[in-house]
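Q: For the sequence shown, the positions run 64 to 516 when this note's numbering is used.
A virtual CB, placed ideally from N, CA and C, is assigned to each residue, including glycine.
Just so we're clear, the structure is a prediction, and the values are computed from it rather than from any experiment.
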Amino acid sequence: MKNAVKNDSLNKSRGGFTSRGFILAAAGSAIGLGNIWRFPYMAGTNGGAAFVLVYVIAMAVIGVSLLLVEFNIGRHGRANAIDSYSKISSKFKFIGYIGFFSAPIFLSYYSVLSGWTVYYTLKSAAGLTHVPAAGLGDFFFGFVSSTWPPLLFHLLFSAMTIYIIAKGVSNGIERWSKILMPVLFILILALVARSLTLSGAADGLRWFLAPDFSKITWKVVIAAIGQIFFSLSVGMSGMLTYASYLNGDENLVKTAGVVSFFDMLVALLAGLMIFPAVFTYGMEPTSGVGLIFITLPAVFSAMPLGSLFSVAFFALLVVANLTSSISILEMPVAYLIERKKISRPKAAIIVGGLGFLLGVAVSLGYGAWSFISINEMSILDIFDYLGSNIILPLCGLLSAVVVGWFWREGAIQEVTNNYTINTWVAPVWHGIVKFVVPALLVLVFLSLIKVIG
Ligand code: TRP
64 MKNAVKNDSL NKSRGGFTSR GFILAAAGSA IGLGNIWRFP YMAGTNGGAA
114 FVLVYVIAMA VIGVSLLLVE FNIGRHGRAN AIDSYSKISS KFKFIGYIGF
164 FSAPIFLSYY SVLSGWTVYY TLKSAAGLTH VPAAGLGDFF FGFVSSTWPP
214 LLFHLLFSAM TIYIIAKGVS NGIERWSKIL MPVLFILILA LVARSLTLSG
264 AADGLRWFLA PDFSKITWKV VIAAIGQIFF SLSVGMSGML TYASYLNGDE
314 NLVKTAGVVS FFDMLVALLA GLMIFPAVFT YGMEPTSGVG LIFITLPAVF
364 SAMPLGSLFS VAFFALLVVA NLTSSISILE MPVAYLIERK KISRPKAAII
414 VGGLGFLLGV AVSLGYGAWS FISINEMSIL DIFDYLGSNI ILPLCGLLSA
464 VVVGWFWREG AIQEVTNNYT INTWVAPVWH GIVKFVVPAL LVLVFLSLIK
514 VIG
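1. If you run the structure through DSSP and keep just helix, strand and coil, what is isoleucine 389?
2. Determine the direct distance from the alpha carbon of lysine 409 to that of alanine 333, and round the result to whole angstroms.
3. Please give me, in chain order, every unbroken run of the alpha helix (DSSP H) with length at least 4 that falls completely inside the stretch 339 to 378.
4. Secondary structure at isoleucine 136, three-state DSSP: helix, strand or coil?
5. Using 10 angstroms around the beta-carbon of tryptophan 487, count the other beta-carbons present and answer buried if the total reaches 16, otherwise exposed.
6. Could you tell me which of Leu421, Leu461, Leu457 and Asn310 sits nearest to isoleucine 445, measuring between CA atoms?
7. What three-state label does DSSP hand methionine 440 in the structure shown?
8. The ligand TRP and isoleucine 94: does any heavy atom of the ligand fall closer than 8 Å to the residue's C-beta?
9. Let me know if leucine 315 comes out buried or exposed under the rule of 16 or more other beta-carbons within 10 Å of its beta-carbon.
10. Is it buried or exposed for arginine 402, if we count other Cβ within 10 angstroms and need 16 for buried?
11. Excluding five sequence neighbours on each side, which residues of the same chain lie with their C-beta closer than 7 Å to the C-beta of valine 499?
12. Note down the Cα distance separating phenylalanine 206 from proline 212, rounded to an integer number of angstroms.
13. What would DSSP say about tryptophan 432, mapped onto helix, strand or coil?
14. Please decide whether serine 510 counts as near chain C, where near means a Cβ-Cβ distance under 9 Å.
15. Regarding asparagine 384 and the ligand TRP, is the C-beta to nearest heavy atom distance less than 8 Å?
16. How about tryptophan 239 and valine 507: are their beta carbons less than 9 Å apart?
17. My guess is that alanine 93 and serine 296 are in contact by the Cβ rule of under 8 Å, so how many angstroms apart are they, rounded?
18. Quick one: is the Cβ of serine 387 within less than 8 Å of any heavy atom of the ligand TRP?
19. If we ignore side chains and look at the alpha-carbon of each, how far apart do histidine 139 and serine 147 end up?
20. What do you reckon, is the C-beta of asparagine 143 under 8 Å from a heavy atom of the ligand TRP?
21. According to the Cβ coordinates, are valine 194 and phenylalanine 204 closer than 9 Å?
22. In angstroms with no decimal places, state the Cα-to-Cα distance between phenylalanine 324 and isoleucine 291.
23. What runs of the beta strand (DSSP E), each 3 residues or longer, lie entirely inside the stretch 445 to 496?
24. Is phenylalanine 169 near the ligand TRP, with its Cβ less than 8 Å from a heavy atom?
25. If you draw a straight line from the C-alpha of threonine 180 to the C-alpha of isoleucine 484, how long is it?
26. With respect to the alpha helix (DSSP H) encompassing glycine 415, which residues constitute its N-terminal and C-terminal limits?
27. Output the boundary residues of the alpha helix (DSSP H) element that contains arginine 101.
28. Helix, strand or coil: which one does DSSP assign to glycine 97?
29. Taking just the CA atoms, how far does leucine 131 sit from isoleucine 151?
30. Can you tell me which of the three DSSP states valine 507 falls into?
31. Whose C-alpha, out of Phe163, Ile495, Glu472 and Ile389, is nearest the C-alpha of leucine 460?
32. Which residues in the same chain have their Cβ closer than 7 Å to the Cβ of alanine 411, if we skip the five residues on either side of it in sequence?
33. Should tryptophan 270 be labelled buried (16 or more other beta-carbon atoms within 10 Å of its own) or exposed?
34. With DSSP as the reference, label tyrosine 148 as helix, strand or coil.
35. Please determine if the stretch 329 to 345 and the stretch 259 to 274 are in contact, where contact requires at least 3 C-beta pairs separated by less than 8 Å.
36. Just to confirm my understanding: we take asparagine 452, look at its own chain, exclude 5 residues before and 5 after, and list those with CB closer than 8 Å. What are they?
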């Protein structure tokens, strides 16, 4: 109990989460574009159901375990990521620094994409559902390849993110997401119901749910792993930072399980809402980053009160994106406040501003700067590939090695709240983190650098 008292006073000075607030914040961080935009797009470009199968398995084995690793290190450290790693050993603080320096990259394209979402909210109110299905692709590319409108919405979204972080994490946003996230969930269910009654539903379901095992290649595995990291917000210590605001008695195992489950559920529902529409309107599952922006409006126009649904859906997606982008920004901001003695608003502006500037390049990458590309990948694709497929899994691997090989007793004590709960799960989890997760991630990296596969 001495521990609990100590935590309380520490948390007061850092402004802590209540237990309920923490689940909401962590789920808010996880659920966003990763589930609704990136998951269908990745499934579409990586063979459909084959990808989904690998994703579900990897989520259960690697995703949940690493989420628990971050929760564990964060709550134990009760400080920004760099100091939390230092608390285990100063040798490991570089892992926190990798997250710190990669935050602006994630922030940049997350904000550009969220800006597109803001635009689609407004356009839905102004008659997007009247654009014929065949014209939705041109509509999308016309918008993203222009210069000023996407930049303007990117600026707007960046400003909202910075504003919320400048005011402090639990002010307001917690209350809002408590109401709005369930509404988004219900709306997604309604869209799934509409999609499943479209004429192409059977083809869509087959593509999404009946795996062709021959399509499981290393490329698909790499993509599924990257998807898990991005979608769960795991790897760059964002979840670690959130957990550092917790007090001692949260059940971390349960929270990691609940958050992963809902994250996966929302992604799968997003697939169910997109792929029937893709096949109904003769679109290509492989159409890439534009997939949801091109297919969803077609579903809306086939619904009664379509424009209303459309406005509501994109608006709620903007909110879901905000609860994700603030978790990216909070990570480096926590460090700057605690270590560099910079005020919260100033830290939010510095890092958020950097993310905004990088995002300008991302946004122009679809228009004026589209000549910049590697292997036909746009600037957004390059950032996302580097971030999700390399940086996040690398940090995930390092965090697993730290907890697996250098911190057994402490980690178990933390996960079990001083040996009071989860006493049989903890050693199993620790074994997975020590052997299974590193082995799988090393294989993925070997295939990434083409040593195998
Ligand atoms: N997980 C969020 C989503 O699915 C995005 C996100 C939040 C993220 N924090 C992150 C991605 C940290 C990478 C790293 O939309």
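A: Per the coordinate set shown:
1. helix
2. 37 Å
3. 354 to 364
4. helix
5. exposed
6. Leu421
7. strand
8. yes
9. buried
10. exposed
11. Val124
12. 7 Å
13. coil
14. Note that chain C does not occur in the displayed structure, where there is just one protein chain.
15. yes
16. no
17. 5 Å
18. yes
19. 7 Å
20. no
21. no
22. 12 Å
23. none
24. yes
25. 42 Å
26. 407 to 427
27. Arginine 101 -> no alpha helix (DSSP H), and no H or E assigned at all.
28. helix
29. 16 Å
30. helix
31. Ile495
32. Ile225, Ile228, Ala229, Leu392 and Val396
33. buried
34. helix
35. yes
36. Ile285, Ala286, Ile288, Gly289 and Leu511
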